[in-house]
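**Student:** Chains A and B supply the protein sequences, listed in that same order.
Residue 1 is where the first sequence starts when you use my numbering, and the numbers rise one by one after that.
Residue 1001 is where the second sequence starts when you use my numbering, and the numbers rise one by one after that.
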Amino acid sequence: MTPEVPLTITVNGREVSAAAGAHLSLLRWLRDVAGVTDPKYGCGEGICGACTVLLDGQPVSACLVLAAQADGAAVTTASGLLGADGSLGPLQRAFHEKHAAQCGFCTPGMLMAATAMLADRRLRSRREIRNELHGNLCRCTGYGPIVDAVEMAQEEAGR
Amino acid sequence: MFTRPFQFERAESLAGACELLRAHGEGAKVIAGGQSLLPLVNLGLAQPDVIIDISRVAGGRDIRADDGYLTIGALMTHARLAADPLAASGQPLLGVAAAKIGNPRVRNRGTLGGSLAHSDPAAELPLVMVALGATYEITDGRGSREVKAGEFHLGFLTTQLAEDELVVAARVPTLGPGWGWSFQEVSRREGDFALASAAVLVRIAGGVIVESRVAVGGVSDRPVRLADVEIVLSGAAAGQIGDRVGPIRGISPISDTGASASYRAHLCRVLVTRALAEASSRSGEAA
Chain A
1 MTPEVPLTIT VNGREVSAAA GAHLSLLRWL RDVAGVTDPK YGCGEGICGA CTVLLDGQPV
61 SACLVLAAQA DGAAVTTASG LLGADGSLGP LQRAFHEKHA AQCGFCTPGM LMAATAMLAD
121 RRLRSRREIR NELHGNLCRC TGYGPIVDAV EMAQEEAGR
Chain B
1001 MFTRPFQFER AESLAGACEL LRAHGEGAKV IAGGQSLLPL VNLGLAQPDV IIDISRVAGG
1061 RDIRADDGYL TIGALMTHAR LAADPLAASG QPLLGVAAAK IGNPRVRNRG TLGGSLAHSD
1121 PAAELPLVMV ALGATYEITD GRGSREVKAG EFHLGFLTTQ LAEDELVVAA RVPTLGPGWG
1181 WSFQEVSRRE GDFALASAAV LVRIAGGVIV ESRVAVGGVS DRPVRLADVE IVLSGAAAGQ
1241 IGDRVGPIRG ISPISDTGAS ASYRAHLCRV LVTRALAEAS SRSGEAA
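#1: A:D38: buried (16+ other C-beta within 10 angstroms of its C-beta) or exposed?
#2: List the residues of chain B whose Cβ lies closer than 9 angstroms to the Cβ of A:Q58, in chain order.
#3: Buried or exposed for A:D85, please, with buried defined as at least 16 other CB atoms from any protein chain shown within 10 angstroms of its CB.
#4: Roughly how many angstroms lie between the CA atoms of B:P1223 and B:D1120, to the nearest whole one?
#5: Could you check whether B:A1199 and B:A1097 sit closer than 8 angstroms to each other, using their CB atoms as the reference points?
#6: Determine whether the beta carbon atoms of A:V75 and A:V11 lie at a separation below 8 angstroms.
#7: Please classify B:F1152: does DSSP put it in a helix, a strand, or coil?
#8: DSSP state of B:E1146, grouped into three classes?
#9: Taking the alpha-carbon positions, what's the B:A1287 to A:R122 distance?
#10: Report the rounded CA-to-CA distance for A:G142 versus A:G21, giving the unit in angstroms.
#11: Classify B:F1362 as helix, strand or coil using the three-state DSSP reduction.
#12: Can you say whether B:N1356 is buried or exposed, counting buried as having 16 or more other CB atoms within 10 angstroms of its CB?
#13: Let me know the secondary structure DSSP gives A:A34 once reduced to three states.
#14: Counting only beta-carbon separations shorter than 8 angstroms, does A:V20 have a partner in chain B?
#15: Is B:L1038 close to the ligand SAH? I mean its beta-carbon at under 7 angstroms from any heavy atom of the ligand.
#16: Using the rule of at least 16 other Cβ atoms within 10 Å of the residue's Cβ for burial, across every protein chain shown, is A:T8 buried or exposed?
#17: Taking the C-alpha atoms as reference points, what is the distance between A:Q92 and A:S17?
#18: Would you identify the three-state DSSP class for B:A1287, choosing helix, strand or coil?
#19: Where does the unbroken beta strand (DSSP E) through B:P1173 begin, and where does it stop?
#20: Between which two residues does the alpha helix (DSSP H) carrying B:D1228 extend?
#21: Using a C-beta cutoff of 8 angstroms, does B:A1287 count as contacting chain A?
#22: Using a Cβ-Cβ cut-off of 8 angstroms, state whether A:S61 counts as contacting chain B.
#23: Just how far apart, CA to CA, sit B:E1190 and A:G49?
#24: Buried or exposed, going by whether 16 or more other CB atoms sit within 10 Å of the CB of A:C103?
#25: Based on Cα-Cα distance, which residue from A:C138, A:R130, A:A119 lies nearest to A:G158?
#26: Threshold first: 4 residues or longer. Then list the alpha helix (DSSP H) segments lying entirely within the segment 78–110 of chain A, N to C.
#27: What's the C-alpha gap between B:T1146 and B:L1161?
#28: Please go through the same chain and pick out, in chain order, the residues whose beta-carbon is closer than 6 angstroms to the beta-carbon of B:G1102, but skip the five residues on each side of it.
#29: Since B:R1274 is in the beta strand (DSSP E), which residue starts that stretch and which ends it?
#30: Is it the case that the Cβ atoms of B:G1141 and B:E1012 are separated by a distance below 8 angstroms?
#31: Compute the distance between the beta-carbons of B:L1132 and B:P1173, then report whether it is under 8 angstroms.
Okay, here's the thing in structure tokens:
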């Protein structure tokens, strides 16, 4: 028997209440229970960053948080960056324009790591952007366009 | 990802968590930030029956200065320790080491108590604690005891904690006048565990080292204080540090996919020398 716990988590502004196995990670709860599949399972060790989401505004590895620990919290995933009409948000548009996705598996995590980074609205050098994204791996090694996109987004936000 | 099911218990207090640990026995594990436990669970290397969550326990996440010491609550995250002004002014080694842990996600969740209790031999905070001669406050919920960092870490992922005990806080001396400090590590990629690391404090008077504390990580089954090196450094001017630090004794580095044992031993000596030079230059009176 799998012990279940009742959970209510606000996902991209939508309150989701669903009991789930106590052993589920936040990532698995999001994907399998809440049906939010943009965070990806990469390594399960908090190294790759493909499952990066914002938990009450802070970037975390959704694979390294138990869903039960996130009860009552607010989670933002990459699809939460879309505009109300479903159009791409500014950072997503920059990723699109700069071709910052090859296979796309790392993209939802990159978007959330970059969102957290840009929250303080401080203009960063390319080197700083690279440094701060060191915890998100792109195995296509398409890092150049990703840095281009973040740079473009921060410049647009600064205008 | 398809972890073996377990039961989830939320503790309302540290004493309550200790009670739950006693009730559930050896199949129970405590979680705070989960950055050490959950990788093991996800990979099937740990298969707990019960996970006891202490992340919502009130208090225990602040830092307090009194009488030449800083006391840091075990639930303090690495990100907050790295950004804490009291830590930065009182004992800069803490924040600098905390900022080198993993990546921003690890630092947002991971806690001081978790890192100390997990006791990875290459981890940053246990090393700094051993270098500083820290004291840990430990509780079983009925009483508390104090243990020196150098005696707490027994070996690879092994500590003095009994099954129903938790780390409550760590107490470290603040940086005294004339002291300089340095933290050095080398890892294959930023955020990886260190192949070797060194935490060093020196006090300089009259142009020479009169007192030092030297500890190294990643080169043994626990952080190691290098008493031999500290002794030979006494009376050394900055220019003599390299000659005084010989091959490092009292370590037992391993060979793995990251590096050979001999490379780790070499790195250890290089990092100790580099850290001593930097610490000397930072002391109130440069050698």
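A virtual CB, placed ideally from N, CA and C, is assigned to each residue, including glycine.
Bear in mind the structure is a predicted one, so any value in this text is a computation, not a measurement.
**Tutor:** Once the coordinates are examined:
#1: Position 38 of the first sequence, counting from 1, holds the residue named residue 38 of chain A. Burial call: buried.
#2: As a first step, residue 58 of chain A must be located in the first sequence, where it is residue number 58. Result: A1079, P1104, R1105, N1108, R1109.
#3: For the purposes of this step, residue 85 of chain A is taken as residue 85 along the first sequence, with counting starting at 1. That one is exposed.
#4: By 1-based counting over the second sequence, the position of residue 1223 of chain B is 223. By 1-based counting over the second sequence, the position of residue 1120 of chain B is 120. Going from the Cα of B:P1223 to the Cα of B:D1120 covers about 9 angstroms.
#5: Here residue 1097 of chain B refers to the residue found at position 97 of the second sequence. Here residue 1199 of chain B refers to the residue found at position 199 of the second sequence. The answer is yes: Cβ separation under 8 angstroms.
#6: Counted from its first residue, the first sequence places residue 75 of chain A at position 75. Counted from its first residue, the first sequence places residue 11 of chain A at position 11. It is a contact, given that the beta carbons lie within the stated cut-off.
#7: Here residue 1152 of chain B corresponds to residue number 152 of the second sequence, with the count starting at 1. If DSSP states are grouped into helix, strand and coil, B:F1152 belongs with the helices.
#8: Along the second sequence, read from residue 1 onward, the residue named residue 1146 of chain B stands at position 146. Of the three classes helix, strand and coil, the one that applies to B:E1146 here is strand, per DSSP.
#9: Against the second sequence, residue 1287 of chain B aligns to sequence position 287. Against the first sequence, residue 122 of chain A aligns to sequence position 122. Note that B:A1287 scores 44 on pLDDT, short of 50, meaning its location in the model is unreliable; the coordinates nonetheless yield the value given after this. Roughly 39 angstroms between the two C-alpha positions.
#10: Translated into positions along the first sequence, residue 142 of chain A becomes position 142. Translated into positions along the first sequence, residue 21 of chain A becomes position 21. Going from the Cα of A:G142 to the Cα of A:G21 covers about 37 angstroms.
#11: Nothing can be reported for residue 1362 of chain B: it is not among the residues displayed for chain B, which extend from 1001 to 1287.
#12: The structure shown does not extend to residue 1356 of chain B, since chain B is modelled only from 1001 to 1287, so the question has no answer here.
#13: By 1-based counting over the first sequence, the position of residue 34 of chain A is 34. In the structure shown, the three-state DSSP call for A:A34 is coil.
#14: Numbered from its first residue, the first sequence carries residue 20 of chain A at position 20. A small fix is needed here, since residue 20 of chain A is Ala in this sequence, not Val. Judged by the 8 angstroms Cβ criterion, A:A20 is not in contact with chain B.
#15: The ligand SAH is not among the ligands present in this structure, which contains no ligands whatsoever.
#16: Sequence index remark: in the first sequence, residue 8 of chain A carries index 8 (1-based). With fewer than 16 other Cβ atoms within 10 Å, it is exposed.
#17: Along the first sequence, read from residue 1 onward, the residue named residue 92 of chain A stands at position 92. Along the first sequence, read from residue 1 onward, the residue named residue 17 of chain A stands at position 17. Roughly 28 angstroms between the two C-alpha positions.
#18: Taking the second sequence and counting its residues from 1, one reaches residue 1287 of chain B at position 287. Legend: pLDDT at B:A1287 = 44, less than 50; position of this residue unreliable, value from coordinates given subsequently. The answer is coil: DSSP assigns B:A1287 none of H, G, I, E or B.
#19: Counting from one through the second sequence, the residue named residue 1173 of chain B turns up at place 173. Element bounds for B:P1173: 1166–1173.
#20: Counting from one through the second sequence, the residue named residue 1228 of chain B turns up at place 228. B:D1228 -> alpha helix (DSSP H) spans 1227–1233.
#21: Here residue 1287 of chain B refers to the residue found at position 287 of the second sequence. In this prediction, B:A1287 has a pLDDT of 44, which is less than 50 and means its spatial position is unreliable; what the coordinates show is noted afterwards. Cβ-Cβ to chain A under 8 angstroms: no for B:A1287.
#22: Counting from one through the first sequence, the residue named residue 61 of chain A turns up at place 61. Interface residue, yes.
#23: The residue labelled residue 1190 of chain B in the question sits at position 190 within the second sequence. The residue labelled residue 49 of chain A in the question sits at position 49 within the first sequence. Each residue's alpha carbon lies about 14 angstroms from the other.
#24: Position 103 of the first sequence, counted from the start, is the residue given in the question as residue 103 of chain A. Exposed, by the Cβ-count rule.
#25: Taking the first residue of the first sequence as position 1, residue 158 of chain A is located at position 158. Per the Cα distances, A:A119.
#26: With a minimum length of 4 residues, the continuous alpha helix (DSSP H) runs that stay inside the segment 78–110 of chain A are 90–97.
#27: As a working mapping, residue 1146 of chain B is identified with position 146 in the second sequence. As a working mapping, residue 1161 of chain B is identified with position 161 in the second sequence. Correcting the residue type first, residue 1146 of chain B is Glu in the shown sequence and not Thr. Approximately 11 angstroms, taken between the alpha carbons.
#28: Along the second sequence, one-based indexing puts residue 1102 of chain B at 102. Contacts found: G1191.
#29: On the second sequence, residue 1274 of chain B is found 274 positions in, with the first residue counted as 1. Here B:R1274 belongs to no beta strand (DSSP E); instead the alpha helix (DSSP H) covers 1261–1282.
#30: The residue you call residue 1141 of chain B lines up with position 141 of the second sequence. The residue you call residue 1012 of chain B lines up with position 12 of the second sequence. It is not a contact, given that the beta carbons lie outside the stated cut-off.
#31: By 1-based counting over the second sequence, the position of residue 1132 of chain B is 132. By 1-based counting over the second sequence, the position of residue 1173 of chain B is 173. Yes, the Cβ-Cβ distance between B:L1132 and B:P1173 is below 8 angstroms.
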